[in-house]
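Chemist: Mind looking over this structure? Questions follow.
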Amino acid sequence: MAVSGASLVPILLGLGISLASAHSPKEVECILFNEEYMTCKWGSGQTLTANYSLYYWYGNKSPVVECQQYLWEHSVRIGCRFEQREIIQFQPFHVRVNASQDGRTLEIPSNCMELQNLVKPEAPVNLTIRNMSSNQLQLTWSSPYPKAHCLEHVVKYKSNKDTSWMKQEVKGDIFSFPSVDYEKYYTFYVRSKINNYCGSTQLWSEWSVPVFWGSNATSKGMADEHLQLFWIHTVLIPIASCLLLLVLVVLLVRMERVWVIIMPRIPNPSKNFDDLFITHNGDFQEWVGVPKDVVESFKPNYSESICHVSELPYEPFQDSSTHLPGVPGPQEHGPYKNSYVGA
């Protein structure tokens, strides 16, 4: 059968849209986390390449609003995040996601949703075990979810000698374990979800942090080992680092003191004599502080007469025949004539 060119164009366009839709996300999944924020994602587990835009509205006549906070992965929009102020429960919630690629716009279908049925609470916290009697334990916990009366819980527990986990549904936040074996070591978990009075959902929270009870040496030893590692990494290592740093600082200070003792600095004596030459003009006795009366005691306090001594030149002996009368002969005077003036 022959097909005309005019009729072939719609067929090819429809085939192209169908092929593009085959690689596009099938639906939008929304989860309201603990009534604090909500995420709506599309294409989970797929490689997305198109440019996606999300629009939403409540009821039938509300204005259509585009997502204000997109979620990105590899530079492609994969979802939208809604803050608490944008969330309205117990009203029909409509979502439309458009994908633009190669000049064509595709729409990801989605059903009308009720947000109270999409709540996923946070995991329980503060698990505590108490001994109520010789063979009975009581497990309690608390939930970060703001409406505790809207929750139901499941407790999962197992001993070190069991091969499978036991699960027990609990309406409140107390679980009683009627019979325990003191030779076993038990592990407990708890998770929560919204009950049928506040919504219709199968979204369970994550399992809580486990709590342990028992006296088995092997299992308890493993738990103690984990606890010891926790204390070592979070407490002991930081404290030891601080102490080591403090010891190094003290050693550095003491090494500086020891170095000063071993190799003392040589003093500069010139500064000690500045006062001698500048202030006292080189007077050593004044500089050292010798009293003036002591200085005066060393000065002479008496006077002496002047004594003149002179020598005459040598004269040869004369003959007695030529001796003049009245002049003493050589027997009377020596070869020198002395003159003395005394006191």
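Under mature numbering (1 follows the signal peptide of the UniProt record, and there is no 0), the residues of the sequence shown are numbered -22 to -1, 1 to 321, in order.
All residues carry an ideal CB built from backbone N, CA and C; glycine is no exception.
Residue 16: buried (16+ other C-beta within 10 angstroms of its C-beta) or exposed?
Modeler: Counting other Cβ atoms within 10 Å of its Cβ, residue 16 reaches 16 or more and is therefore classed as buried.
Chemist: Can you round the beta-carbon distance between residue 22 and residue 95 to whole angstroms, since I take them to be within the 8 angstroms contact cut?
Modeler: Rounded, the Cβ-Cβ distance is 19 angstroms, inconsistent with contact.
Chemist: DSSP on residue 35, reduced to helix/strand/coil?
Modeler: Strand at residue 35.
Chemist: Taking the alpha-carbon of residue 134 as reference, which of 160, 59, 102 has the nearest alpha-carbon?
Modeler: 102
Chemist: What does the Cβ neighbour count give for residue 97, buried or exposed, with the cut at 16 atoms within 10 Å?
Modeler: Buried, because 16 or more other Cβ atoms sit within 10 Å of the Cβ of residue 97.
Chemist: In this structure, how does DSSP classify residue 130 when only helix, strand and coil are distinguished?
Modeler: strand
Chemist: Could you please give the first and the last residue of the uninterrupted beta strand (DSSP E) stretch that includes residue 167?
Modeler: 163 to 172
Chemist: Should residue 160 go down as buried or exposed, given a rule of 16 or more other Cβ atoms within 10 Å for buried?
Modeler: exposed
Chemist: Which of helix, strand or coil does DSSP assign to residue 233?
Modeler: Helix.
Chemist: Look up residue 239 in the DSSP assignment and give the residues it is bridged to.
Modeler: Residue 239 is not bridged to any residue.
Chemist: Taking 6 angstroms as the limit between beta carbons, can you name the residues of its chain near residue 79, skipping five residues before and five after?
Modeler: Excluding five sequence positions before and after residue 79, the CB atoms of its chain that fall closer than 6 angstroms to its own CB belong to 28, given in chain order.
Chemist: I need the straight-line Cα distance from residue 58 to residue 93, nearest angstrom please.
Modeler: 15 angstroms
Chemist: Measure the Cβ-Cβ separation of residue 212 and residue 188 and say whether it is below 8 angstroms.
Modeler: The answer is no: Cβ separation not under 8 angstroms.
Chemist: Quick one: Cα of residue 112 to Cα of residue 181, how far?
Modeler: 37 angstroms
Chemist: List the endpoints of the continuous beta strand (DSSP E) containing residue 181.
Modeler: That residue, residue 181, is in no beta strand (DSSP E); it is neither H nor E in DSSP.
Chemist: Evaluate contact between the stretch 80 to 90 and the stretch 114 to 126, counting only Cβ atoms and requiring at least three cross-stretch pairs below 8 angstroms.
Modeler: In this structure the stretch 80 to 90 does not touch the stretch 114 to 126; the number of beta carbon pairs closer than 8 angstroms is below three.
Chemist: With a Cβ-Cβ cutoff of 8 angstroms, do residue 20 and residue 75 count as a contact?
Modeler: In this structure, residue 20 places its C-beta atom within 8 angstroms of the C-beta atom of residue 75.
Chemist: For residue 44, count the other beta carbons within 10 Å of its own beta carbon; 16 or more makes it buried, fewer makes it exposed. Which is it?
Modeler: exposed
Chemist: Might you give, ordered along the chain, the residues of its own chain that have their beta carbon closer than 6 angstroms to the beta carbon of residue 31, omitting 5 neighbours on each side?
Modeler: 76
Chemist: Please report the Cβ distance between residue 37 and residue 69, rounded to the nearest whole angstrom; I am assuming they are in contact, meaning their Cβ atoms lie under 8 angstroms.
Modeler: Indeed, because the Cβ distance is near 6 angstroms, the residues count as touching under 8 angstroms.
Chemist: Roughly how many angstroms separate the alpha carbons of residue 131 and residue 150, rounded to a whole number?
Modeler: Approximately 7 angstroms between the Cα atoms of the pair.
Chemist: Kindly indicate which three-state DSSP category residue 80 falls into: helix, strand or coil?
Modeler: coil
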